[in-house]
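Note that the numbering used here gives residue 65 to position 66 of the sequence shown, counting from 1, and the numbers run on in steps of one. Using N, Cα and C, we set each Cβ at its ideal position, and we do this for glycine too. As structure tokens, the structure follows; a few thoughts come after it.
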Amino acid sequence: MKKGVRIFLFLSIVALLLIPLVLSQTDPSAGINDNLGDAKKIVDKVQNVSQNFNSADTAKSYLRQEWEKVIAGNKYLGPVYSFLTSKTVSLIFKILFAEPFALSWAFLIVVVLWFYFQGIINKAGWGFGLKDSSAILVGVAGAIILAQLRLYRGIVYIFGLLIFSPEAWWFRALIALFMVVLLVIVKALSNVLAARLKKAREEKAKGVIEQEAKRIEEKKKGEAQGERTVK
């Protein structure tokens, strides 16, 4: 599997996630497809019901559930949503990402982080001399292990606390920015490490080739010297 194929798979998954996710997060009053004509009624219902909720999270969860019903009943998005929430696909998501499919930005970020760390581990394996297929398998295995350790979910949770907590938001924003910069630095260091490992491997291979060429040349000289001695 080449890098382009991996990027294609990543974009395909993101596209499948964004179609229903964007619809679930969009304000229906801004204009919705005719096939989602029930959206206005649902929003009105949510506005009435949410007044009785004790927290914004509960209201948001209720709104997401109502949107899921609308999407599931849509003739275009319904089959896609049913496929992504089927038992088989959900099991695959749980194995890969340690998360079931959900119409949430948290799940989308988990998927993005999965591909991010898979790429880093893949490049590190390639830098250590693994073939493309072996490096990709190592990257996938490493990304799955990190997912099962709940690393991605932990990052999402921390970012949520840092960004959306109303208390000392500026301090949390700085920490969130620091974490983003840290991820970028980790990526850059992995690129540098992979490049240096590749260079060291090439220099080693070049040295072996030069040594072998020298040995062959000395052997030829010895054979030529032997022929002259015989004559």
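Check: Test item: CB-CB of Arg149 and Ala187 under 9 Å; Outcome: no
Check: Exposure of Tyr156, with buried meaning 16 or more beta-carbon neighbours within 10 Å; Outcome: exposed
Check: Three-way DSSP call (helix, strand, coil) for Ser81 in this model; Outcome: helix
Check: Whole-angstrom distance between Val185 and Trp125, CA atom to CA atom; Outcome: 17 Å
Check: Straight-line Cα distance separating Ile143 from Phe116; Outcome: 10 Å
Check: Same chain, Cβ closer than 7 Å to Ala146, neighbours up to 5 away in sequence not counted; Outcome: Leu95, Phe96, Ala97, Trp113
Check: Residue environment, Ile215, which counts as buried when at least 16 other CB atoms sit within 10 Å; Outcome: exposed
Check: Between the CA atoms of Ala204 and Ala105 - distance to the nearest angstrom; Outcome: 46 Å
Check: Pair within 9 Å by beta-carbon distance, Tyr80 and Ile70; Outcome: yes
Check: Counted within 10 angstroms of its Cβ, other Cβ atoms place Val110 as buried (16 or more) or exposed; Outcome: buried
Check: Leu196 versus Lys122, Gly138, Leu62, residue with shortest Cα-Cα distance; Outcome: Lys122
Check: Selected residue, minimal CA-CA separation from Arg152, among Gly138, Ile108, Ser189; Outcome: Ile108
Check: Under the three-state DSSP convention, the category Arg152 falls into; Outcome: helix
Check: Simplified DSSP state of Ala101, which is helix, strand or coil; Outcome: coil
Check: Whole-angstrom C-beta distance between Ile119 and Val137, which should lie under 8 Å; Outcome: Wrong, their Cβ atoms sit about 11 Å apart, outside the cutoff.
Check: Which of helix, strand or coil DSSP assigns to Leu76; Outcome: helix
Check: Beta-carbon proximity of Thr87 to Pro99, cut-off 9 Å; Outcome: no
Check: C-beta atoms of Ser103 and Arg63 nearer than 9 Å; Outcome: yes
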